[in-house]
Amino acid sequence: MRAIDHHAWTNRWAGWHPAEKGLPAGSLLLLTLFLPPLTTAPLVLASMALVTVYGAGVPWRAWFDVLVAPAGFLLAGAPFLAVSLDFTHGFDLHLSSEGLWLALITTVRALAAMSCLAFLILTTPVTDWMAPLRRVGVPAGVVELILLIYRLVFVFFERALTGYQAQTARLGYLRVDRSIRSLGLLAGNLFQRSLAQAHRLEIGLAARGYTGELRVLAPERVLSRMRLAVGLGLVGLVGTTGSLLAREWS
Amino acid sequence: MTAPLLAAHGLEYAYPGGIIALRGLDLSIERGQKLAILGPNGSGKTTLLLHLNGTCKPTHGEIRLDDQPVQYDHRALNQWRRRVGLVLQEPDDQLFAATVGQDVSFGPLNLGLSAAETRERVTEALAALRVAHLADRATHALSFGQKKRVAIAGVLAMRPEILVLDEPTAGLDPHGVTHLLGALQQLHEAGTTLVFSTHDVELAYAWADQVALFHDGRVLCQGGTAAVLGDRELLHRARLRPPLLLQVTEALGAGQDRSQPAPRSREAVLALLRERLGEPASGVPVEPTLGHPRSGPLA
Numbered sequence: 047m048r049a050i051d052h053h054a055w056t057n058r059w060a061g062w063h064p065a066e067k068g069l070p071a072g073s074l075l076l077l078t079l080f081l082p083p084l085t086t087a088p089l090v091l092a093s094m095a096l097v098t099v100y101g102a103g104v105p106w107r108a109w110f111d112v113l114v115a116p117a118g119f120l121l122a123g124a125p126f127l128a129v130s131l132d133f134t135h136g137f138d139l140h141l142s143s144e145g146l147w148l149a150l151i152t153t154v155r156a157l158a159a160m161s162c163l164a165f166l167i168l169t170t171p172v173t174d175w176m177a178p179l180r181r182v183g184v185p186a187g188v189v190e191l192i193l194l195i196y197r198l199v200f201v202f203f204e205r206a207l208t209g210y211q212a213q214t215a216r217l218g219y220l221r222v223d224r225s226i227r228s229l230g231l232l233a234g235n236l237f238q239r240s241l242a243q244a245h246r247l248e249i250g251l252a253a254r255g256y257t258g259e260l261r262v263l264a265p266e267r268v269l270s271r272m273r274l275a276v277g278l279g280l281v282g283l284v285g286t287t288g289s290l291l292a293r294e295w296s
Numbered sequence: 259m260t261a262p263l264l265a266a267h268g269l270e271y272a273y274p275g276g277i278i279a280l281r282g283l284d285l286s287i288e289r290g291q292k293l294a295i296l297g298p299n300g301s302g303k304t305t306l307l308l309h310l311n312g313t314c315k316p317t318h319g320e321i322r323l324d325d326q327p328v329q330y331d332h333r334a335l336n337q338w339r340r341r342v343g344l345v346l347q348e349p350d351d352q353l354f355a356a357t358v359g360q361d362v363s364f365g366p367l368n369l370g371l372s373a374a375e376t377r378e379r380v381t382e383a384l385a386a387l388r389v390a391h392l393a394d395r396a397t398h399a400l401s402f403g404q405k406k407r408v409a410i411a412g413v414l415a416m417r418p419e420i421l422v423l424d425e426p427t428a429g430l431d432p433h434g435v436t437h438l439l440g441a442l443q444q445l446h447e448a449g450t451t452l453v454f455s456t457h458d459v460e461l462a463y464a465w466a467d468q469v470a471l472f473h474d475g476r477v478l479c480q481g482g483t484a485a486v487l488g489d490r491e492l493l494h495r496a497r498l499r500p501p502l503l504l505q506v507t508e509a510l511g512a513g514q515d516r517s518q519p520a521p522r523s524r525e526a527v528l529a530l531l532r533e534r535l536g537e538p539a540s541g542v543p544v545e546p547t548l549g550h551p552r553s554g555p556l557a
């Protein structure tokens, strides 16, 4: 999570308008759903990977780390799509060509779709998502909450880590029974400290005129029509190539 | 004599549960001063500061702003907090927004300023604390010292008349302290009244023009820095030691003459020491820092 966040803030395209990244990536995601997947999905996956790494300058390693967890789930789940289980005549388990096809299509589609999301989260800081969220009708309170949680997660994470290190230094995790006890104590402590922190945060906010609404300036992002056009051009290119290749092969 | 800008009279406060934090405290803050509230840890300094902007309401006694008793209704509190800005000790308790610029924009927007005016205030406040380059950074990616300065900028952007800081130098390295004091000095010169709590006698001695000696829920004595910190008996009662610079000066036999103020900066005391040791006064150039370790025979 921290690695993703770091790249989102520091990549070459961090300062771009979110629409320049969101519209092309969203369109590519739709392409993987509606166009022939076997040709389109790999093209989407490849183009998103190249754009993320060579365009935005996110290291390959980070890109790989984001995709590896969902890919693992996919590979673990796909075999179950390939086989079918039938109880009408007792117990019947068999591998069908239909099932294999389904498993393959689902896997490439999901991977391609994941690559679009990976591109977005690796290149766009969280704060840039808030204006679009408000635009599509998410209530202001929810957006405030997202930002507040986002900020406090890091404070909480740091406290949890120091607490854990302090316990480890006093051999709190030496045996299983001690570990369970230590973890319980840590959780209880973090809960109390979070409540105290919430109280102090309220004092700090009140000192700055808080009246129940966390209003802050939205980041200033200028939409570049040129960049958006190039992005959508890429979508068109991937879409046509995917469809043409699919027609040729069928 | 004009009335103080902000004053506390006979302030008493007990926490829910009965622990008494303030026991009849008097304090007065004059316009344009640098006032240190000096006392050991856990003596109730933070509680006092929370009274100065109306966060806590005293059980007895009163606070007067411009010689008028303050009110605790919503409107009055808002007016009060426009004039008295409070910076908490722990920046993570204060910074809530995801980016530095957004966090600093919070106060000005609450004042009802437009987006353009707010942007101006944000830039100005960040520049005053010398952190303008951090405007677009994620808050959680900052160092402790940077967070501290951003937290101050967030209050400063509201242009308060009085800036109240709880232990502003706590947790900062010597370089960070120098940096922060430099920025605060500029604010002071621009007319902001500064009130800060500290347990650091050296800091109060070097930097405040008035000291309120705080002990056991009371102000034992409020007065000019040299006078208060020169009173050993008083300091002892507050469980504090006299500042080292003052002790060195006294050991050298200087500063006894009350007409001649004792030197309060590290470099001035070092110069005095060199003079007494018979070394040439123009030695190594001394950089104007506070608590900064230096090499050389006198370090």
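Going down the list, the sequences are from chains A and B.
With positions in the first sequence counted from 1, the corresponding number in this note's numbering is that position plus 46.
With positions in the second sequence counted from 1, the corresponding number in this note's numbering is that position plus 258.
All C-beta atoms, glycine included, are put in the ideal place defined by N, C-alpha and C.
These numbers were taken from a predicted model, which means no experiment stands behind them.
Leaving out five residues on either side along the sequence, give the residues of the same chain with a beta carbon under 8 Å from the beta carbon of residue i.
i	result
B/V408	P349, L353, V358, D361, V362, L384, L387, V389, L392, T397, L400
B/K406	P349, P426, G429, L430, G434, L438
A/S225	G218, Y219
A/S142	A128, V129, S130
B/R341	L323, P418, E419, I420
A/C162	A71, G72, L74, L75, T78, V90, M94
A/L232	A206, G209, Y210, Q213
B/L346	Q352, A409, D424
So, is the C-beta of residue i closer than 7 Å to a C-beta in chain B?
i	result
A/A253	yes
A/W59	no
A/T214	no
A/F237	no
A/I192	no
A/F200	yes
A/V281	no
A/T173	yes
A/I167	no
A/R250	A quick correction: the sequence has Gly, not Arg, at residue 250 of chain A. By this cut-off, A/G250 is an interface position.
A/W55	yes
A/R180	no
If you reduce the DSSP assignment to three classes, tell me which class residue i lands in.
i	result
B/T427	coil
A/A252	helix
A/A54	helix
A/G101	helix
A/E204	helix
B/H494	helix
A/G234	helix
B/T357	strand
A/G218	coil
A/F80	helix
B/A448	coil
B/E270	strand
A/V268	coil
Could you say which of the options lies nearest to residue i if we only look at CA atoms?
i	options	result
B/C314	A/I249, A/L89, A/P116	A/I249
A/T214	A/V201, A/F202, A/E204, A/S228	A/S228
A/W59	A/R273, A/L76, A/L280	A/R273
B/L442	B/Q468, B/L471, B/A411, B/Y463	B/A411
B/V328	B/R532, B/L264, B/D467	B/L264
A/T78	A/R293, A/G288, A/W295, A/E294	A/G288
A/G255	B/F364, B/A484, B/Y273	B/F364
A/F110	A/N235, A/A275, A/M160	A/M160
Could one say the Cβ of residue i lies closer than 7 Å to chain A's Cβ atoms, at least one of them?
i	result
B/H550	No answer about B/H550 holds up, because its pLDDT of 44 lies below 50 and its placement is not dependable.
B/E437	The question names Glu, yet the displayed sequence has His at residue 437 of chain B. Not an interface residue.
B/L400	no
B/L346	yes
B/L442	no
B/L269	no
B/T450	no
B/S286	no
B/F354	yes
I'd like to confirm the pairing. Which residues does DSSP put opposite residue i in its beta bridges?
i	result
A/P213	Checking the sequence shown, residue 213 of chain A turns out to be Gln, not Pro. BP columns for A/Q213 are empty, so no partner.
B/Q468	B/L293, B/G482
B/I277	Note: B/I277 sits in no beta bridge, so no partner.
A/R261	Answer is none; A/R261 lacks a bridge partner.
B/R322	B/A265, B/P327
B/L285	B/A266
B/G343	B/L421
B/H391	DSSP output for B/H391 lists no bridge partner at all.
Keeping to the same chain, check which residues put their C-beta closer than 7 Å to that of residue i; ignore five residues upstream and five downstream.
i	result
B/L521	Before going further, note that residue 521 of chain B is Pro rather than Leu in the sequence given. Result list for B/P521: T507, V527, L530, in chain order.
A/V154	P83, L84, A87, P88
B/L283	A266, L269, L306, G475, R476, V477
Who are the Cβ neighbours of residue i in its own chain at under 6 Å, not counting the five residues just before and after it?
i	result
A/H53	V104, A108, L168
A/Q243	none
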